[in-house]
Amino acid sequence: ALVADAGLRLTFTRVSLDPTGRILIREPALAPFDQTEPVLKARSAYARLDPWELLSGRLEIAEVRFDGAALTVPAMLSGTGQSEEVIRDLAVTLRTNKTSLILAECAGRIGTASVSLRGSLPLPRLATGGRSGSLAAFMR
Numbered sequence: 189a190l191v192a193d194a195g196l197r198l199t200f201t202r203v204s205l206d207p208t209g210r211i212l213i214r215e216p217a218l219a220p221f222d223q224t225e226p227v228l229k230a231r232s233a234y235a236r237l238d239p240w241e242l243l244s245g246r247l248e249i250a251e252v253r254f255d256g257a258a259l260t261v262p263a264m265l266s267g268t269g270q271s272e273e274v275i276r277d278l279a280v281t282l283r284t285n286k287t288s289l290i291l292a293e294c295a296g297r298i299g300t301a302s303v304s305l306r307g308s309l310p311l312p313r314l315a316t317g318g319r320s321g322s323l324a325a326f327m328r
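In structure tokens form, the structure reads like this:
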């Protein structure tokens with residue numbers, strides 16, 4: 189629902205889920221609904237959920253990791269009229285705690301330059317005045 193609410197379509201070749209809340213998605217690709225070309229592709233994506241929260245109807249994502257990812261500018265938006273990879277060989281790991289979204293790892297290549305980022309962002313406050321420790325809540 190989060191992907192569709194953002195106007196994106198998710199495709200993949202295979203999904204594995206285990207009882208402890210770990211999900212592995214092979215070859216995920218995100219594309220805007222109105223385009224066929226993905227803007228984000230990856231070799232794999234991994235998420236770690238709290239299975240007890242999931243059983244109670246709440247989606248609490250503790251960690252998300254992308255490996256072998258690429259961000260692409262669609263052909264209709266690029267200067268050449270062809271889709272272009274802007275960032276490639278991207279590895280990203282996001283985690284949450286009660287107050288922050290933590291970028292534990294972000295490394296990739298932009299052209300011939302290697303880039304690496306780390307840091308954290310405060311999570312938005314909920315209407316109750318507390319903070320959400322959920323990646324799903326942060327992405328809304």
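To convert, take the position in the sequence shown, counting from 1, and add 188; that gives our numbering.
Beta carbons: idealized from backbone N, C-alpha and C, even for Gly.
Those residues which DSSP pairs with residue 220 across a bridge: As a working mapping, residue 220 is identified with position 32 in the sequence shown. Note: residue 220 sits in a beta bridge opposite 196.
Helix, strand or coil at residue 173 according to DSSP, with G and I counted as helix: Residue 173 cannot be examined here, being either before or after the span of the chain that is shown, 189 to 328.
Closest residue to residue 234 among 212, 216 and 226 (Cα-Cα distance): Here residue 234 refers to the residue found at position 46 when the sequence shown is read from its first residue. For residue 234, the nearest C-alpha among the options comes from 212.
Where the beta strand (DSSP E) containing residue 251 begins and where it ends: Residue numbering aside, residue 251 sits at position 63 when the sequence shown is read from its first letter. Its beta strand (DSSP E) spans residues 249 to 261.
Residues bridged to residue 307 [DSSP beta-bridge criterion]: As a working mapping, residue 307 is identified with position 119 in the sequence shown. Beta-bridge pairing links residue 307 to 291.
Validate contact between the stretch 251 to 260 and the stretch 275 to 293 using beta carbons, cut 8 Å, 3 pairs: yes
Residue 191 in three-state terms, based on DSSP: Taking the sequence shown and counting its residues from 1, one reaches residue 191 at position 3. Helix.
Contacts around residue 277, its chain only, beta-carbon distance under 6 Å, and the 5 residues preceding and following it disregarded: Start at 1 with the first residue of the sequence shown, and residue 277 comes out as number 89. If we look at residue 277 and ignore the five residues flanking it on each side, its Cβ neighbours are 296 and 297.
Alpha-carbon to alpha-carbon, residue 201 and residue 192: The residue labelled residue 192 in the question sits at position 4 within the sequence shown. The residue labelled residue 201 in the question sits at position 13 within the sequence shown. Distance between the alpha carbons of residue 192 and residue 201 is about 18 Å.
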